[in-house]
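Residue numbers (my numbering), protein chains in the order written: chain G, 1 to 284; chain D, 285 to 702.
Encoded as structure tokens, the structure appears first; notes follow it.
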Amino acid sequence: MSSRIESRFAELARSRRAALVTFVMAGDPDLETSGAILKALPQAGADLIELGMPFTDPMADGPAIQAAGLRALKSGATLAKTLALAADFRAHDRQTPLILMGYYNPIYVYGVDRFLAEAKKAGVDGLIVVDLPPEEDAELCLPAIDAGLSFVRLATPTTDSARLPAVLAHTSGFLYYVSITGITGAAAPEHAKVAAAVARLRRHTDLPVAVGFGVKNAESAAAIASVADGVVVGSALVEALRKSLDQSGKATPQTVGAIVDLVRDLAKGVRSAERGFARADTSA
Amino acid sequence: MTMKEAGGIKPEIPNSFRTGPDEHGHFGIYGGRFVAETLMPLILDLERHYEAARQDSSFKAELDHLLTHYVGRPSPLYFAERLTEHAREKAGGARGAKIYFKREELNHTGAHKINNVLGQILLARRMGKKRIIAETGAGQHGVATATACAKFGLECVVYMGAVDVERQKPNVFRMNMLGAKVVPVLSGARTLKDAMNEALRDWVTNVETTFYCIGTVAGPHPYPAMVRDFQCVIGEETRAQMLAAEGRLPDSLFACIGGGSNAMGLFHPFLDDRQVEIYGVEAAGYGLDKKHAASLAGGRPGVLHGNRTYLLMDEDGQIEEGHSISAGLDYPGIGPEHAWLKETGRVTYLSATDDEALAAFQLCAKLEGIIPALEPAHALARAIEIAPQKPRDHLLVVNMSGRGDKDLFTVADHLGGM
């Protein structure tokens, strides 16, 4: 359905490596810089891109991503501008899957049907909406699938085997495993626990499993890449961006480069990983 | 009764207003369970435990015992004689309702909050949770939670916006004294909504050990229904007390609304007595055309903190800061059942400004020797305006949901007399 996400994971499965999934916040620190960062990400080694939709009250995010959202809102970011940013990126890059990630209220207020139509038109491939569990599938998940967008669900350490089928029921594109109980940017997970969790998820689904939360550098990225189909990095990138800003929080000539350098480094980590648990390539 | 359409939504008028929510936690289109996956299994677990506790007579017996001996229930239904005279003088003597106060401010810890907290803490004990977290605005819910945790020897962490820590210092001292850890929240706007965000972040992180004791009829299902049920003791007592005092039900009910728990507790037992007029009073802050905290009057439906309800927000769905002189009403949302009761027309929602609340606060202190919290002073402001329009045999009840000790500095600041 969302061919870009599926083809990208299939392609990577053939090369026997995990995907590097990078998160950046739309409009952080301003729309122009944000657009430049997006366009530079694939070249630097990002295989998939999650683009954050800023929200005032991100209840599952840690301080780094909260601050990124507030910087973006301060610079005038809105959902309409995030969609325009996505469209601009898509005009520049036809291959890299783009997933919008955020909270439900701005989408609900924008209007679900209007949002889905415009997101599809902008070349968005999927959605991650943190505060929509399977119990609320009728809100956005089912309409998104009808509109031809993937709905990527989060599974967590508290998602037990009894609940997993409900979580997987309408998940498409990939499954995002949140490796800790906690907020974004928290401590790194124990490697062995992640490996066991990914193995458990794979018994329930053929979807690629990407793992996020707590991945900070090439080393931790490589560790996750050795057991999962994808490594999601968010807070570390957003922090690198913050450190590149001037005292008033404005972009500097170093801002885009700061992100690119870290993504290059993370990509090296991901590509160096030995894929002991690699899934058999079923797409060939 | 003909129903006005609210924002294109035409809610069905049910046979009973007391059967909600449905099994998914919905009151009409409001409510629900909009939370991160990490929390979902816990919320389902909480719902199962709450349902079991509700069916268990020993749970109710234990709670009733505490309410009697620890809280001091039943709280009196008090005839406010001089305030009634005041209303009748305003009406020229021919009219003017008989004004009663439901004295929730006499509860242990000085507000209605303890009713709900004891229920939730007993539930937490049944679930084997040893660590309790709470959010607080004015500090009343934080104090109540800290109190119950002290009594039961539980660890207690209270999240409070840094702005509220400043303006409600007496309650911060009380919580510290009770052994709770008060965490000033520096994120976002640093008030109640941010305290709730931070409590949710704590809960997501400490799911195994922690029980989140929410202070109002909001949040993901089952909280709005559970908190309401624990607060219904207010309305049930009022019913019995008014029958004893006057031989019939009251004619009108008034309560202030931030999240809306004291109001829901008073209103719910009367919702199917259609002749009883019910008024909820939101905080109009500087005025409804300026900064305020009246989500129903000035907001529209959205999704925040686990439920769909009326929210103050901008065009883009970004949550806006409310303003009220009262920290307890300064929340940009409202319980989902209130949103539904507004749309069905069963409850009439009004508002009172900071200045109106201050005037009512002073009037009540001078005429009745009762210093109300600024929160119920909002309800009082509308009640003393409407009372003179009612006949002399009209029985009016104001929920005196908290006492005003915590607000003395705020009031002194505004009146310029320290």
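Where a beta carbon is used, it is the ideal one built from N, C-alpha and C, also for glycine.
Bridge partners of residue i, per DSSP?
i        : result
D:ASN683 : D:LYS386
G:ILE49  : G:THR22, G:LEU98
D:ASN591 : D:LEU588
D:TYR362 : D:PHE385
G:ARG8   : Answer is none; G:ARG8 lacks a bridge partner.
G:THR255 : According to DSSP, which records beta bridges pairwise, G:THR255 is partnered with nothing at all.
D:SER300 : According to DSSP, which records beta bridges pairwise, D:SER300 is partnered with nothing at all.
D:SER635 : D:GLU566
May I ask you to report which of helix, strand or coil DSSP gives residue i?
i        : result
D:ILE498 : coil
D:ALA395 : strand
G:TYR110 : helix
G:ALA155 : strand
D:GLU599 : coil
D:CYS516 : coil
D:GLU710 : Absent from the model: residue 710 of chain D. The displayed extent of chain D is 285 to 702, so no value can be given.
D:LYS246 : The first residue shown for chain D is 285 and the last is 702, placing residue 246 of chain D beyond what the model contains.
D:PRO672 : helix
D:THR322 : helix
D:GLU289 : Confidence at D:GLU289 is low in this model, with a pLDDT of 40, below 50, so its placement is unreliable and the value that follows should be read with caution. If DSSP states are grouped into helix, strand and coil, D:GLU289 belongs with coil.
D:PRO660 : helix
D:GLU604 : coil
D:ILE618 : coil
G:GLU190 : coil
D:GLY629 : coil
D:GLY412 : coil
G:SER283 : Any reading at G:SER283 is ruled out, since the residue's pLDDT is 40, under 50, leaving its predicted position unreliable.
D:THR420 : strand
With distances taken Cα to Cα, identify the nearest neighbour of residue i among the options.
i        : options                                : result
D:GLY569 : D:GLY377, D:ILE609, D:GLU530           : D:ILE609
D:PRO620 : D:PRO504, D:PHE457, D:ILE417           : D:PRO504
G:VAL238 : G:LEU266, G:ALA68, G:PRO189            : G:ALA68
G:PHE23  : G:ILE37, G:ALA13, G:LEU12              : G:ILE37
D:GLY582 : D:HIS589, D:HIS552, D:GLY590, D:ILE618 : D:ILE618
D:GLU389 : D:LYS690, D:LYS382, D:HIS552           : D:LYS690
D:TYR633 : D:LEU537, D:ARG592, D:ARG676           : D:LEU537
D:ALA665 : D:MET684, D:LEU679, D:HIS678           : D:MET684
G:PRO143 : G:VAL194, G:ASP160, G:HIS170           : G:HIS170
G:VAL167 : D:PRO325, D:TYR334, D:GLN525           : D:PRO325
D:LYS374 : D:PRO672, D:VAL695, D:ALA381           : D:PRO672
G:GLU32  : G:LEU262, G:TYR110, G:LYS250           : G:LYS250
D:GLN275 : D:PRO585, D:PRO305, D:LEU658           : With chain D covering only 285 through 702, there is no way to say anything about residue 275 of chain D.
D:GLY571 : D:ASP638, D:GLY700, D:GLY590           : D:ASP638
D:GLU566 : D:LEU596, D:LEU350, D:GLN559           : D:LEU596
By the 10 Å Cβ neighbour count, where 16 or more other Cβ atoms means buried, how is residue i classified, buried or exposed?
i        : result
G:ALA64  : buried
G:PRO54  : buried
G:THR56  : buried
D:GLU365 : exposed
D:ARG523 : buried
D:ALA547 : buried
D:GLU296 : exposed
D:LYS397 : buried
G:HIS92  : exposed
D:TYR495 : It is Phe, not Tyr, that sits at residue 495 of chain D in the sequence shown. Label assigned to D:PHE495: buried.
D:THR576 : It should be pointed out that residue 576 of chain D corresponds to His in this sequence rather than to Thr. Buried, because 16 or more other Cβ atoms sit within 10 Å of the Cβ of D:HIS576.
For a cutoff of 8 Å on Cβ pairs, would you count residue i as touching chain G?
i        : result
D:ALA290 : Model confidence at D:ALA290 stands at a pLDDT of 45, short of 50, so the residue's coordinates are unreliable; what they give is reported in the following sentence. No, D:ALA290 does not count as interfacial toward chain G.
D:GLY319 : The displayed chain sequence assigns Val, not Gly, to residue 319 of chain D. So yes, D:VAL319 belongs to the interface.
D:ASP348 : no
D:THR489 : yes
D:VAL587 : yes
D:HIS308 : yes
D:ASN299 : no
D:ILE313 : no
D:ARG415 : no
D:LEU555 : no
D:MET287 : Low confidence applies here, because D:MET287 scores a pLDDT of 41, under 50, leaving its location unreliable and the question unanswered by this model.
Is the CB of residue i under 8 Å away from at least one CB in chain D?
i        : result
G:TYR177 : no
G:ILE183 : yes
G:VAL198 : no
G:GLN43  : no
G:GLU135 : yes
G:ILE130 : Per the sequence presented here, residue 130 of chain G reads as Val, with Ile not at that position. At least one chain D Cβ lies under 8 Å of G:VAL130.
G:PHE9   : no
Would the C-beta of residue i count as close to the ligand SAH, meaning under 7 Å from any of its heavy atoms?
i        : result
D:LEU550 : This structure lacks the ligand SAH, and indeed carries no ligand of any kind.
(request) Using a Cβ-Cβ cut-off of less than 8 Å, list which residues of the stretch 145 to 160 of chain G approach chain B; keep chain order. (result) Looking at the structure shown, chain B is missing, and the protein chains on hand are G and D.
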